[in-house]
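Visitor: Sharing a structure below in structure tokens format, with a few things to ask.
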Amino acid sequence: MIRIFYLIWTLISSLLTTGLSFFYIRNEINRGFPFSFAKEVLGQGGGQGISFEFNTFVVAFDIIFWWLIFSMLLVIIKNYIFEAE
181 MIRIFYLIWT LISSLLTTGL SFFYIRNEIN RGFPFSFAKE VLGQGGGQGI
231 SFEFNTFVVA FDIIFWWLIF SMLLVIIKNY IFEAE
């Protein structure tokens, strides 16, 4: 059985992965991996820079996706590879 402590570590790793994916994938103006959750928006004035639009639901879906992936990997490694009892 997985302890709550392990789930917290997988949540932290999913947050870090989502944060790194913001900088890793840069396909023209879309950011995020595997789901594009941010878009660069150019300012309308001459002196304004680039700002970002975030889709909160896609960010949450991305975090949940990575959390499930890391939790499944933890179960597989813990139960089948190391055979911890």
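Letter 7 of the sequence shown, counting from 1, is numbered 187 in the working numbering, and no numbers are missing.
Ideal placement from N, C-alpha and C gives every residue a C-beta, glycine not left out.
1. Along the chain, where does the alpha helix (DSSP H) containing Y204 start, and where does it finish?
2. With DSSP run on the structure shown, which of helix, strand or coil describes F262?
3. Taking the alpha-carbon positions, what's the S194 to N235 distance?
4. Starting from S251, follow the alpha helix (DSSP H) in both directions and report where the run begins and ends.
5. When the Cα atoms are used, what is the spatial distance from D242 to I261?
Guide: Checking against the coordinates, here is how it stands:
1. From DSSP, the alpha helix (DSSP H) with Y204 extends over 184-204.
2. Here F262 sits in coil by DSSP.
3. Between the C-alpha atoms of S194 and N235 there is a straight-line separation of about 17 Å.
4. From DSSP, the alpha helix (DSSP H) with S251 extends over 236-256.
5. So the alpha carbons of these two residues sit roughly 27 Å apart.
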